[in-house]
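Protein chains in written order, with the working numbering: chain X, 5 to 128; chain S, 5 to 128. Single-structure report; data block below.
2 protein chains.
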Amino acid sequence: MIDEIHKPLKAICDAVPGALGATVMGFDGVPVDSYEHREPDGETDVGALLIEYSNLLGQVKNSAQMFAAGDLEEFSIRSENLTAVIRPLNEEFFLALALCSPLHAGKGRYLLRLHAPPLAEFLG
Amino acid sequence: MIDEIHKPLKAICDAVPGALGATVMGFDGVPVDSYEHREPDGETDVGALLIEYSNLLGQVKNSAQMFAAGDLEEFSIRSENLTAVIRPLNEEFFLALALCSPLHAGKGRYLLRLHAPPLAEFLG
């Protein structure tokens, strides 16, 4: 556990109703640190899903740059039982939040935006 | 141009400030109908980017189902110069909205949700 990473992950989850957990992960799918806030209701394997999404994230990043849409700032996926909001921190790492409902995804987006710069600085 | 598809695409773009265009597209990247609201400011090739994203969308859909997150409901990608909100209509088609800024993406999300059921019924 790395305090400089774990504390903001916990702060984000504590502030967003419906948060299941947050993580800082490499684009290669290797987590740097994770905070599990509570168990998902169903059988969703949040960790495994985020590793899967990390693969896609690299592709989205490249597509956006290729078609001159600029740098990728945020990526969010809403499924029936899980909403994930993902924000690249730098070329290597991203910050992700998993929620059991999309209701407070807006607040989640705001908090990721807020915590991203100091996390990027710590990792950079 | 198919009236039953073109009209809702235009209605969505007219109602959302910053809308660049909307499209109904197959997961294979073939557009059914598109409405171009206005030119993007930069060099972004919105059509080509959406075709690229349609590839990813299929993968996101499969991942979400595989890890028991349920059916994919919405997918959004925010890049520096373009925000895209995408909503699957059925197993074959999705509805997408491109915006030049993320400011009104929430309104866009709401309107896609509103127009998706009649579009899905028409296509089904």
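Here a beta-carbon is modelled for each residue, glycine too, at the ideal position from N, C-alpha and C.
Let me see if you follow: with CB-CB separation under 7 angstroms, is residue i close to chain S or not?
{"i": "E125 (chain X)", "result": "no"}
{"i": "L61 (chain X)", "result": "no"}
Tell me, please, whether the CB atom of residue i is closer than 7 angstroms to any CB atom in chain X?
{"i": "T48 (chain S)", "result": "yes"}
Should residue i be labelled buried (16 or more other beta-carbon atoms within 10 Å of its own) or exposed?
{"i": "V50 (chain X)", "result": "buried"}
{"i": "M5 (chain S)", "result": "exposed"}
{"i": "M29 (chain S)", "result": "buried"}
{"i": "G128 (chain X)", "result": "exposed"}
{"i": "L86 (chain X)", "result": "buried"}
{"i": "E8 (chain X)", "result": "exposed"}
{"i": "P122 (chain S)", "result": "exposed"}
{"i": "A56 (chain S)", "result": "The residue asked about is misnamed: residue 56 (chain S) is Glu in this sequence, not Ala. Per the 10 Å Cβ criterion, buried."}
{"i": "F97 (chain S)", "result": "buried"}
{"i": "L115 (chain X)", "result": "buried"}
{"i": "L54 (chain X)", "result": "buried"}
{"i": "L1 (chain S)", "result": "Summary: the structure shown does not reach residue 1 (chain S), with chain S confined to residues 5 through 128, and so no result is reported for it."}
{"i": "L93 (chain S)", "result": "buried"}
Would you mind telling me which residues of chain S sit closer than 7 angstroms to residue i, beta carbon to beta carbon, in chain order?
{"i": "A52 (chain X)", "result": "F71"}
List, in order along the chain, the chain X residues whose C-beta lies closer than 7 angstroms to that of residue i?
{"i": "E56 (chain S)", "result": "S67, F71"}
Which residues of chain X have a Cβ atom closer than 9 angstroms to the Cβ of residue i, listed in chain order?
{"i": "G110 (chain S)", "result": "G110"}
Contact check, residue i vs residue j under 8 angstroms by CB: the rounded distance?
{"i": "A26 (chain S)", "j": "A100 (chain S)", "result": "7 angstroms"}
{"i": "L61 (chain S)", "j": "A68 (chain S)", "result": "The pair is not a contact, with the Cβ atoms about 11 angstroms apart (cut-off 8 angstroms)."}
{"i": "F71 (chain X)", "j": "T48 (chain S)", "result": "6 angstroms"}
{"i": "R91 (chain S)", "j": "A73 (chain S)", "result": "About 16 angstroms; that fails the 8 angstroms criterion."}
{"i": "A23 (chain X)", "j": "L103 (chain X)", "result": "6 angstroms"}
{"i": "V64 (chain X)", "j": "I81 (chain S)", "result": "6 angstroms"}
{"i": "V20 (chain X)", "j": "G112 (chain X)", "result": "5 angstroms"}
**OP:** Below 7 angstroms between beta carbons is the criterion; list the residues of the segment 64 to 95 of chain S that meet it against any residue of chain X, in chain order.
**Re:** V64, S67, A68, F71, A72, A73, G74, D75, L76, E77, E78, F79, S80, I81, R82, S83, E84, N85, L86
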